[in-house]
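Numbering (the numbering used here), first residue to last: 1167 to 1430.
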Amino acid sequence: MSDDAGKTATFWEHLDELRSCLVRIVVVTAVAMIVAFCLKEWLFAVILAPAYDDFISYRFFGFLPIFPEAAERGRSGLHLINTGLTEQFMMHMKASFYAGLLAVMPYILYVLFGFIAPGLYDRERRYAVRVVGSGYLMFMVGTVVNYLIIFPLTVRFLGTYQVSPDIENMLTLESYMDTLVMMNLVMGIVFELPVVCWLLAAMGALRAEWMARYRRHAIVAIVVIAAIITPTGDAFTLAVVSLPIWLLYELSIWIVKKTSSKTK
């Protein structure tokens, strides 16, 4: 990495620049967190929407006659409670942090890329832009898919499941929030599959023929992963979770095929 005069920067100059980048990231994240904290009603209206019977996903699945269990699940109640003195405030803080972090993530990636970009060759820089940009986009797509489809069905099933009518479920706000954040993270990582496959194909370590040859094995693995993500036990939810992952695999095959043809 060099400065404008063409001189190589020293270790301490690099360290000072990194410190400047981290300070900017912390300040911007803190501001975004404060803004999210002040928008409490709007923030929790979004977070708690899947807990209500009129959530868009439940209404959509209720319109599909081939999924009567989804419509029945949408009519079931889900009640959240608070058991700790500071729990609601801490959940407010945690939700504000996550919301602020998601909002400023493009800026964070931009700042970090600006720090490392001068030390990369042009080809490496182009690859870095594609990986970071597409990786962030796919992570957000995975988060949206989880919020609209996977998490509502999962929390509705587990939150209303009873081993006996005499036992009433009391789902805490902390449990609800932790499950939402964990599943968002998992689905965001799962949706990075096309990006990882593209990178491996660009490196010559993956071929579309291999992926097509082991498609049946991949489908079995996808079903197992879907069962782990949503341990609800019903075929409907398992199919809903497995379908987007399978589509990601098929998309990855197409991406790998196109990438391999360009590198030949």
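C-beta atoms are modelled at their ideal positions from N, C-alpha and C, and glycine is treated no differently.
*Rounded C-beta distance between A1202 and A1265? I'm assuming under 8 Å.*
4 Å
*Under 9 Å between the Cβ atoms of L1246 and R1322?*
no
*Segment limits, alpha helix (DSSP H) that includes I1439*: Because the chain here runs from 1167 to 1430, residue 1439 falls outside it and cannot be looked at.
*If we count the other Cβ atoms within 10 Å of its Cβ and call it buried at 16 or more, is I1419 buried or exposed?*
buried
*Going straight from the alpha carbon of V1189 to that of D1182, what length do you get?*
10 Å
_Presumed contact (8 Å Cβ cut-off) between N1335 and G1325, rounded CB distance_ = 6 Å
*Count the other C-beta atoms from every protein chain shown that fall within 10 angstroms of the C-beta of L1417, then say buried if there are 16 or more, exposed otherwise.*
exposed
*asked:* For the structure I just gave you, are there three or more beta carbon pairs, one from the segment 1195-1211 and one from the segment 1250-1268, closer than 8 Å?
replied: yes
_Between the alpha carbons of V1310 and R1291, how many angstroms are there, rounded?_
29 Å
*If you check the beta carbons only, do A1198 and L1267 fall under 9 Å apart?*
yes
*Residues that I1247 bridges to, as DSSP identifies them*: T1338
*Determine the DSSP secondary structure at L1359, reduced to helix, strand or coil.*
helix
*Near I1421, what residues of its chain come up, given a Cβ to Cβ distance below 8 Å and the 5 sequence neighbours on each side ignored?*
P1360, C1363, W1364, A1367
*On a CA-only basis, which of Y1276, L1319, A1196 is nearest F1221? Give me that one, please.*
L1319
*What first and last residue would you give for the alpha helix (DSSP H) that runs through Y1293?*
1288-1311
*M1353 to P1410, Cα distance in whole Å?*
CA-to-CA, the gap between M1353 and P1410 works out to about 10 Å.
*Contact check, V1407 vs I1395 under 8 Å by CB: the rounded distance?*
6 Å
_Assigned exposure category for N1248 - 16 Cβ within 10 Å defines buried_ = exposed
*Nearest neighbour of R1296, chosen from Y1327, E1358, A1393 [CA to CA]*: E1358
*asked:* Taking its Cβ as the centre, do 16 or more other Cβ atoms sit within 10 Å of I1355, making it buried, or is it exposed?
replied: I1355 is exposed by the Cβ-count criterion.
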